[in-house]
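In the working numbering, the protein residues as written are 125 to 484.
Working notes, beginning with the structure itself.
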Amino acid sequence: MKRIATLICAAVLSTSAAAQQKLVNVYNWSDYIDPKLLDEFTRETGVKVVYDTYDSNETLEAKLLAGRSGYDVVAPSGTFLQRQIQAGLYQPLDRSRLANAKQLWPEIDARLAIYDPGNRYAVNYMWFTTGVAYDVAKIRARLGGASIDSWDIVFKPENIRKIADCGVYVLDSPEDVISVALRHLSLDPNTRNQNDVARATAHVQRIKPYVKKFHSSEYINALANGDICMAVGWAGDSFQARNRARDAGNGIEINYVIPKEGTLMSLDNFAIPKDAANLNEAYAFIDFMLRPANAARNTAVTNFANGVAASRPLVPLEILENKSVYPDDAVMKRLFTITSPDRSIQRFVTREWTRIKTGK
Ligand code: N2P
Numbered sequence: 125m126k127r128i129a130t131l132i133c134a135a136v137l138s139t140s141a142a143a144q145q146k147l148v149n150v151y152n153w154s155d156y157i158d159p160k161l162l163d164e165f166t167r168e169t170g171v172k173v174v175y176d177t178y179d180s181n182e183t184l185e186a187k188l189l190a191g192r193s194g195y196d197v198v199a200p201s202g203t204f205l206q207r208q209i210q211a212g213l214y215q216p217l218d219r220s221r222l223a224n225a226k227q228l229w230p231e232i233d234a235r236l237a238i239y240d241p242g243n244r245y246a247v248n249y250m251w252f253t254t255g256v257a258y259d260v261a262k263i264r265a266r267l268g269g270a271s272i273d274s275w276d277i278v279f280k281p282e283n284i285r286k287i288a289d290c291g292v293y294v295l296d297s298p299e300d301v302i303s304v305a306l307r308h309l310s311l312d313p314n315t316r317n318q319n320d321v322a323r324a325t326a327h328v329q330r331i332k333p334y335v336k337k338f339h340s341s342e343y344i345n346a347l348a349n350g351d352i353c354m355a356v357g358w359a360g361d362s363f364q365a366r367n368r369a370r371d372a373g374n375g376i377e378i379n380y381v382i383p384k385e386g387t388l389m390s391l392d393n394f395a396i397p398k399d400a401a402n403l404n405e406a407y408a409f410i411d412f413m414l415r416p417a418n419a420a421r422n423t424a425v426t427n428f429a430n431g432v433a434a435s436r437p438l439v440p441l442e443i444l445e446n447k448s449v450y451p452d453d454a455v456m457k458r459l460f461t462i463t464s465p466d467r468s469i470q471r472f473v474t475r476e477w478t479r480i481k482t483g484k
């Protein structure tokens with residue numbers, strides 16, 4: 125009897141402890157945070173972070189559309205945010221609960237407003253370009269001294285054919301790859317013309333035989349340990365690959381370029397799903413990450429530029445002066461942004477992308 129009483133007592137205690145344990149469920153991109161900040165957030169606020177990651181907007185969207193995702197904070201990119209706001213998946217943000225939002229970067233806020241008019245539903249977390257990451261020595265060995273400064277290296281079969289043997293990965297992100305293919309074809313990356321999009325998907329299809337894998341996160345380690353020699357990837361991830369190779373001391377030198385034809389600039393943004401259960405904690409988490417010192421630390425670890433203007437003096441100089449991470453005006457002029465395509469183009473792209481990947 126005593127034993128049962130003790131058990132009941134323990135159960136009651138642990139239930140009440142669980143009830144008191146405040147938590148926040150965060151769903152963010154992989155390799156996109158200084159992990160130490162998660163512990164520091166918990167120490168400071170008492171809120172436990174249940175942290176889960178993804179590497180594609182499509183994955184995030186599928187969870188949100190399925191309903192009751194269980195997440196309190198998510199980080200969609202601009203075009204997805206745009207259509208998800210329209211689909212009623214988010215709640216408006218109460219800026220009075222985000223003291224650090226005052227320190228956001230006005231130019232970045234303005235770009236975000238294209239997707240989120242009036243900046244009502246989201247705050248920018250990170251922003252970046254899509255470009256070409258490559259192993260300097262292996263590419264030189266295959267292409268000679270030719271400078272790597274054009275999307276030609278990816279989209280001209282006569283080039284990529286020569287590098288296929290050392291391994292090429294391409295982002296599993298139709299938005300990124302099709303928009304840069306359109307740009308390479310001198311077509312409007314924002315086109316609403318299905319024939320243009322079809323030309324771009326055919327452009328990608330042509331290089332498919334030389335692509336080892338379409339994947340949006342494995343290229344960091346694959347580049348760093350020499351499994352592949354080129355990736356169409358995101359800026360910060362590419363510099364993480366460079367740093368991992370340097371840390372390993374394996375002699376591999378990774379470079380990242382924004383091709384001269386220009387490229388896509390994207391924004392990833394914190395938003396709170398409509399059905400978030402832990403609202404106070406969601407605000408506390410977002411505000412903590414917007415604190416300039418913390419935003420700078422996330423940039424220092426991830427090599428992605430963050431959306432907090434006031435963090436810039438705290439960002440390591442090597443990153444701040446890297447024009448592929450913090451583009452200057454001249455580089456900025458070569459960047460384009462896109463908005464969410466209409467449904468019929470979306471459906472077409474999804475179908476074609478599957479065809480490209482599966483070869484069917
Ligand atoms: C983080 C990748 C984030 C950029 N590894 C793509 N949204």
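Even glycine gets a Cβ: it sits at the ideal position worked out from N, Cα and C.
What do you get for residue i, buried or exposed, if any count of 16 or more other CB atoms within 10 angstroms of its CB means buried?
| i | result |
| --- | --- |
| Asn152 | buried |
| Leu441 | exposed |
| Asp452 | exposed |
| Asn224 | buried |
| Pro230 | exposed |
| Asp218 | exposed |
| Lys126 | Because Lys126 carries a pLDDT of 48, less than 50, the predicted location of this residue cannot be relied on, and the following value inherits that uncertainty. The residue in question, Lys126, is exposed, as its Cβ has fewer than 16 Cβ neighbours within 10 Å. |
| Ser303 | buried |
| Lys332 | exposed |
Using alpha carbons as the reference points, say which of the options lies closest to residue i.
| i | options | result |
| --- | --- | --- |
| Lys146 | Glu385, Leu438, Thr461 and Ala406 | Ala406 |
| Ser362 | Leu459, Val150, Tyr156 and Val148 | Tyr156 |
| Val294 | Trp275, Glu282 and Leu309 | Trp275 |
| Phe338 | Arg370, Ile302, Asp351 and Ser297 | Ser297 |
| Pro159 | Arg192, Ile344, Thr478 and Thr423 | Thr423 |
| Asn248 | Leu347, Ile272, Asn367 and Asn393 | Asn393 |
| Gly191 | Asp399, Ile331, Thr478 and Leu438 | Asp399 |
| Tyr214 | Ile284, Trp229 and Asp196 | Asp196 |
| Lys286 | Gly386, Arg266 and Tyr245 | Arg266 |
| Tyr245 | Ile263, Tyr334, Lys481 and Arg207 | Arg207 |
| Ala486 | Ala257, Pro216, Gly202 and Tyr258 | Since the first and last residues shown for the chain are 125 and 484, residue 486 lies out of range. |
| Phe252 | Tyr450, Glu476 and Ile277 | Tyr450 |
| Gly375 | Ala199, Ala348 and Ile352 | Ala348 |
| Asn427 | Arg471, Asn367, Met456 and Asp351 | Asn367 |
| Leu96 | Tyr239, Asn243 and Asp320 | The structure shown does not extend to residue 96, since the chain is modelled only from 125 to 484, so the question has no answer here. |
| Gly194 | Ile469, Ala401 and Ser448 | Ala401 |
Starting from residue i, trace the alpha helix (DSSP H) both ways and give me its first and last residue.
| i | result |
| --- | --- |
| Trp477 | Arg467 to Thr482 |
| Asp218 | Taken as a continuous stretch (DSSP letters only), Asp218 belongs to no alpha helix (DSSP H), as it is neither H nor E. |
| Thr177 | Note, Thr177: premise wrong, no alpha helix (DSSP H); beta strand (DSSP E) at Lys172 to Tyr178. |
| Asn418 | Pro416 to Thr426 |
| Ile232 | Pro230 to Leu236 |
| Asn283 | Pro281 to Ile287 |
In its own chain, which residues sit with a C-beta less than 6 angstroms from the C-beta of residue i, not counting the 5 before and 5 after it?
| i | result |
| --- | --- |
| Ser435 | Pro416, Ala419 and Ala420 |
| Ser271 | none |
| Val439 | Ala420 and Thr423 |
| Ala324 | Ile302, Ala305 and Leu306 |
| Ser154 | Thr177, Asp179 and Ser341 |
| Ala454 | none |
For residue i, which residues from the same chain have a beta carbon less than 8 angstroms from its beta carbon, with the 5 sequence-adjacent residues on both sides left out?
| i | result |
| --- | --- |
| Phe204 | Asn181, Leu184, Glu185 and Ser464 |
| Asp411 | Arg221, Leu222, Ala223, Asn224 and Ala225 |
| Ala211 | Leu189 |
| Leu444 | Arg436 and Tyr450 |
So residue i is in the beta strand (DSSP E); what residue range does that whole segment cover?
| i | result |
| --- | --- |
| Tyr293 | Val292 to Val294 |
| Gly255 | Ala246 to Asp259 |
| Gly357 | Met354 to Trp358 |
| Asp163 | First-last for Asp163: Pro159 to Thr169, but that is the alpha helix (DSSP H), not the beta strand (DSSP E). |
| Thr387 | Thr387 to Ala395 |
| Tyr343 | Segment Tyr343 to Ala348 is the alpha helix (DSSP H) holding Tyr343; no beta strand (DSSP E) there. |
| Ile272 | It is not in any beta strand (DSSP E) - Ile272 carries neither H nor E in the DSSP assignment. |
| Asn379 | Ile378 to Val381 |
Closer than 7 angstroms: is that where the CB of residue i sits relative to any heavy atom of the ligand PLP?
| i | result |
| --- | --- |
| Trp275 | For the structure depicted, the ligand PLP is absent and the ligand set comprises only the ligand N2P. |
If residue i sits next to residue j, beta carbons under 8 angstroms apart, how far is it from one beta carbon to the other, in whole angstroms?
| i | j | result |
| --- | --- | --- |
| Tyr343 | Gly360 | Not quite, the Cβ-Cβ distance comes to about 12 angstroms (not below 8 angstroms), so this is no contact. |
| Asp179 | Ser390 | Not confirmed; about 14 angstroms, so no contact. |
| Val171 | Ala395 | Not a contact, Cβ separation roughly 18 angstroms. |
| Val321 | Val473 | 6 angstroms |
| Val173 | Val198 | Incorrect: roughly 14 angstroms between the Cβ atoms, too far for contact. |
Could you name the residues of the same chain whose beta carbon sits closer than 7 angstroms to that of residue i, not counting the 5 residues immediately before and after it, in chain order?
| i | result |
| --- | --- |
| Asp300 | Thr254 and Leu388 |
| Leu309 | Arg323, Ala324 and His327 |
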